[in-house]
Amino acid sequence: MSERTNLASLLRGPASVTPDRPALIDGVRRLTWSELDGSVDRIAGGLCEQGLHPGDRVALLLGNSIEFVIGYFAILRAGLVVVALNPAYTVAEVAVLLTDSGARVVVVDETTAAVGFGAVEAIASCEVVDVSSDSWSNLLAAQPIAPSAETVSPNGLALLLFTAGTSGRPKGAMLSHAALLANIDMLRSLKEPPAVMETDTVLLVLPLFHVYGLNTVLGLAVSAGATCVIVDRFDPEESLCLITDAGVTTVAGAPAMYQAWSRVPAAREAFRSVRLLSSGGSPLPIAVFDAFAALTGKVIFEGYGMTETAPVVSTTLVTGVAKAGSVGRPLPGLQVRLVDDSGREVDDGDPGEVWVRGASVFTGYWPAGLGGPESEGWFRSGDVAYADAEGDLHLVDRRREVILVNGFNVYPREIELVIESMAGVIEVAVVGVPDDATGEAVSAIVVTSEGTSPSREEIAAHCATRLARFKCPSSIRVVDALPHSATGKIAKGRLREVYGEQ
0 MSERTNLASL LRGPASVTPD RPALIDGVRR LTWSELDGSV DRIAGGLCEQ
50 GLHPGDRVAL LLGNSIEFVI GYFAILRAGL VVVALNPAYT VAEVAVLLTD
100 SGARVVVVDE TTAAVGFGAV EAIASCEVVD VSSDSWSNLL AAQPIAPSAE
150 TVSPNGLALL LFTAGTSGRP KGAMLSHAAL LANIDMLRSL KEPPAVMETD
200 TVLLVLPLFH VYGLNTVLGL AVSAGATCVI VDRFDPEESL CLITDAGVTT
250 VAGAPAMYQA WSRVPAAREA FRSVRLLSSG GSPLPIAVFD AFAALTGKVI
300 FEGYGMTETA PVVSTTLVTG VAKAGSVGRP LPGLQVRLVD DSGREVDDGD
350 PGEVWVRGAS VFTGYWPAGL GGPESEGWFR SGDVAYADAE GDLHLVDRRR
400 EVILVNGFNV YPREIELVIE SMAGVIEVAV VGVPDDATGE AVSAIVVTSE
450 GTSPSREEIA AHCATRLARF KCPSSIRVVD ALPHSATGKI AKGRLREVYG
500 EQ
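Structure follows, in structure tokens:
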């Protein structure tokens, strides 16, 4: 794998060794490795025939599908750059990202065509390819790309992913072929248990426009020649039936998925033959870890990463011991430091900002590469964590989400864990709100279940016995639901819009 320079070359191995084995299962449709590789060759050739040149950007505005996978690897094979967009975006949002990326083509399907065409009409500088129309069929009928065209610079740009900032326009994280391949190699080096095997059938339910689904699930599975079962929209009961019927052996999910599954008794039988479960995207509540284990007898390996690190930084798979509340240790080949505000490494057990250095770190933000690793290669993540006595990392919070109460740092995650431990609490978000007396105050927004839900007074009393007074929420609000991102992470940036406070 180390000699490969183009991520799309990962397909060549299974297409040669196991050409007739299923590569992708999407509902009733199936594609073998040979068929997938051939389709990628023809789409790549068709893109080149359209006059696209290495380095040009092609946007994918698609849900999880066979077409997304073909399009993704074809763009890369042609030496072009993938711009993966959320298919739930509006015309205005897509227009901004097409403009910022300078995309020459946007690929849509029947559910996103109206948005894609609307965005292109607004900017008038991009072509549309609809996978449900002749434009896609014509690409599939093109001459396969020449093998020599697959060669790219190892550090050539492969993927442009726009990350949501706390304010202003999204920033495009630039990930090279080398960075994406490096993170796959790091994960493949883990052996007990292995992160992926050729004999695995992998549930691909995480959104492919997100780096977690795109590289940690799809890229990793392709590198081993494992079969991917594609799901476009998560439904707890339907996914359990699919896990059973397709013989799924590995599942990568988000905390909200495991929380939903832990409420369905059928999960016990469905997960019986699953050998590996992992979680990422946001912290996995200990209560969910415990509830899922109690129902299924299975443990969940938790990891931590970000778009800018392609994405995995650490995971409990490194030690092979699933540990509730911990995101494990750094992957082999990655260095992690925990650093205080003055740039010094923190004392053992103290929280510090996570700095990361290694081959899978991105090259900076589009287009000039600003905001990337500093001169010595360290990328400052903005996340806060501490290492326990065994050396395992525990996330505390985003540095920018730390609340300053009378000058004291308050980490929202610490308070969320306390409230999550209460019976009847489904999930909670803690944010800082302006306060004339203390600068900021702590506000907790809580979702509870019916019947056994604690009152605001009970939540306050629970916090008072477990937290210092300055950490206790000064306001507690019980709501029906919290806004979430595509990977199930609580979208704290939208709390002001939805609940009128942040």
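Every letter in the sequence shown is one number past the one before it in numbering that gives the first Met the number 0, and letter 57, counting from 1, is 56. Every residue, glycine too, gets a C-beta built ideally from N, C-alpha and C.
Exercise. Enumerate in chain order the residues of its own chain whose CB-to-CB distance from valine 130 is below 6 angstroms, with the five nearest sequence positions on each side excluded.
Key: Sequence index remark: in the sequence shown, residue 130 carries index 131 (1-based). For valine 130, where only same-chain residues beyond five positions count, the Cβ hits under 6 angstroms are Glu66 and Asp108.
Quiz item: According to DSSP, what are the bridge partners of asparagine 550?
Solution: Because the chain here runs from 0 to 501, residue 550 falls outside it and cannot be looked at.
Quiz item: Helix, strand or coil: which one does DSSP assign to glutamate 109?
Solution: Walking along the sequence shown from the start, residue 109 turns up at place 110. Reduced to three states, the DSSP call for glutamate 109 is coil.
Self-check item: Simplified DSSP assignment, three categories, for arginine 379
Solution: Translated into positions along the sequence shown, residue 379 becomes position 380. The answer is strand: DSSP assigns arginine 379 an E or B state.
Exercise. Could you tell me if histidine 209 is buried or exposed, where buried requires 16 or more neighbouring beta carbons within 10 angstroms of its beta carbon?
Key: To locate residue 209, count along the sequence shown from 1; it is residue 210. Here histidine 209 is buried. Its C-beta has 16 or more other C-beta atoms within 10 Å.
Quiz item: Buried or exposed: alanine 253, going by 16 or more other Cβ atoms within 10 Å of its Cβ?
Solution: On the sequence shown, residue 253 is found 254 positions in, with the first residue counted as 1. Residue burial annotation: alanine 253 is buried, with at least 16 other C-beta atoms found within 10 angstroms of its C-beta.
Exercise. Compute the Euclidean distance between the alpha carbons of phenylalanine 407 and arginine 379, then round it to the nearest angstrom.
Key: As a working note, residue 407 is residue 408 in the sequence shown. As a working note, residue 379 is residue 380 in the sequence shown. C-alpha separation (whole angstroms): 22 angstroms.
Quiz item: How is glutamine 142 classed by DSSP in three states: helix, strand or coil?
Solution: Mapped onto the sequence shown, residue 142 falls at position 143. DSSP places glutamine 142 in coil when its eight states are reduced to three.
Self-check item: At least 3 beta-carbon pairs within less than 8 angstroms: the region 194-203 vs the region 246-262
Solution: Contact between the region 194-203 and the region 246-262 is present: three or more C-beta pairs spanning the two stretches fall below 8 angstroms.
Quiz item: Which class does histidine 209 belong to by DSSP, given the choice of helix, strand or coil?
Solution: Counting from one through the sequence shown, the residue named residue 209 turns up at place 210. Coil at histidine 209, not helix or strand.
Quiz item: When burial is assigned at 16 or more other CB atoms within 10 Å of the CB, is serine 313 buried or exposed?
Solution: Counting from one through the sequence shown, the residue named residue 313 turns up at place 314. Classification of serine 313: buried, given that the 10 Å Cβ count is 16 or more.
Quiz prompt | For alanine 102, the nearest candidate out of Val90, Ala172 and Val81 (CA to CA) | solution = Position 103 of the sequence shown holds residue 102. Ranking Val90, Ala172 and Val81 by CA distance to the CA of alanine 102 puts Val81 first.
Quiz prompt | Coil, strand or helix - tyrosine 88 by DSSP | solution = Position 89 of the sequence shown, counted from the first residue, corresponds to residue 88. Judged by DSSP in its simplified three-state form, tyrosine 88 adopts coil rather than helix or strand.
Self-check item: CA-to-CA distance, valine 221 to threonine 519, given in whole angstroms
Solution: Beyond the ends of the chain as shown, which are 0 and 501, falls residue 519; an answer cannot be given.
Practice problem: Compute the Euclidean distance between the alpha carbons of alanine 467 and alanine 113, then round it to the nearest angstrom. | Solution: In the sequence shown, counting from the first residue as 1, residue 467 sits at position 468. In the sequence shown, counting from the first residue as 1, residue 113 sits at position 114. Taking the CA atoms as reference points, alanine 467 sits about 53 angstroms from alanine 113.
Quiz item: According to the Cβ coordinates, are serine 281 and lysine 488 closer than 8 angstroms?
Solution: For the purposes of this step, residue 281 is identified with residue 282 of the sequence shown, where counting begins at 1. For the purposes of this step, residue 488 is identified with residue 489 of the sequence shown, where counting begins at 1. Contact annotation: serine 281 and lysine 488 have beta-carbon atoms nearer than 8 angstroms.
Quiz item: Residue ranges of each beta strand (DSSP E) run of no fewer than 3 residues wholly in the region 191-275, ordered along the chain?
Solution: Taking only runs of at least 3 residues, the beta strand (DSSP E) segments lying wholly in the region 191-275 are 200-203, 226-229 and 249-252.
Quiz item: From the DSSP output, which residues share a beta bridge with valine 127?
Solution: The residue labelled residue 127 in the question sits at position 128 within the sequence shown. When DSSP reads this structure, valine 127 sits in a beta bridge with Val105.
Quiz item: On the three-pair Cβ rule with 8 angstroms, is the region 49-56 touching the region 176-189?
Solution: Using a C-beta cut-off of 8 angstroms, the region 49-56 makes no contact with the region 176-189, since fewer than three inter-stretch Cβ pairs fall below that distance.
Exercise. Note down the Cα distance separating glutamine 501 from threonine 162, rounded to an integer number of angstroms.
Key: Here residue 501 corresponds to residue number 502 of the sequence shown, with the count starting at 1. Here residue 162 corresponds to residue number 163 of the sequence shown, with the count starting at 1. Summary for glutamine 501: the model assigns pLDDT 40, below 50, so the residue's position carries little reliability; its value from the coordinates is reported in the next sentence. Roughly 20 angstroms between the two C-alpha positions.
Practice problem: Quick one: grab the DSSP three-state call for alanine 309. | Solution: Position 310 of the sequence shown, counted from the start, is the residue given in the question as residue 309. In this structure, alanine 309 counts as coil in the three-state DSSP scheme.
Practice problem: On a CA-only basis, which of Asp289, Leu394, Gly45 and Ser134 is nearest isoleucine 299? Give me that one, please. | Solution: Along the sequence shown, one-based indexing puts residue 299 at 300. Across the set Asp289, Leu394, Gly45 and Ser134, the C-alpha of Asp289 shows the shortest separation from the C-alpha of isoleucine 299.
Practice problem: Would you check if the distance between the CB atom of alanine 123 and the CB atom of valine 90 is smaller than 8 angstroms? | Solution: Sequence index remark: in the sequence shown, residue 123 carries index 124 (1-based). Sequence index remark: in the sequence shown, residue 90 carries index 91 (1-based). With contacts defined by Cβ atoms closer than 8 angstroms, alanine 123 and valine 90 do not form a contacting pair.
Self-check item: As assigned by DSSP and simplified to three states, the class of serine 484
Solution: Stepping through the sequence shown from its first residue, residue 484 is reached at position 485. DSSP places serine 484 in coil when its eight states are reduced to three.
Practice problem: Measure the C-alpha to C-alpha separation of arginine 465 and serine 448 and round it to an integer number of angstroms. | Solution: As a working mapping, residue 465 is identified with position 466 in the sequence shown. As a working mapping, residue 448 is identified with position 449 in the sequence shown. Taking the straight line joining both Cα atoms gives about 22 angstroms.
Quiz item: Where does proline 350 sit, in a helix, a strand or coil, going by DSSP?
Solution: One-based indexing of the sequence shown puts residue 350 at position 351. Three-state result, proline 350: coil.
Quiz item: How about alanine 157 and leucine 75: are their beta carbons less than 8 angstroms apart?
Solution: Locating residue 157 in the sequence shown gives position 158, counting from the first residue. Locating residue 75 in the sequence shown gives position 76, counting from the first residue. Contact flag set, yes.
Quiz item: Helix or strand or just coil, what does DSSP make of phenylalanine 361?
Solution: The residue given as residue 361 occupies position 362 in the sequence shown. In the structure shown, phenylalanine 361 sits in coil (DSSP, three-state: anything other than H, G, I, E or B).
Quiz item: What do you get for lysine 470, buried or exposed, if any count of 16 or more other CB atoms within 10 angstroms of its CB means buried?
Solution: Here residue 470 is taken as the residue at index 471 of the sequence shown, counted from 1. Around the C-beta of lysine 470, 16 or more other C-beta atoms lie within 10 Å, and the residue is accordingly described as buried.
Quiz item: Can you find a CB in chain B that lies within less than 8 angstroms of the CB of tryptophan 135?
Solution: Structure shown: chain B not included; a single protein chain is present.
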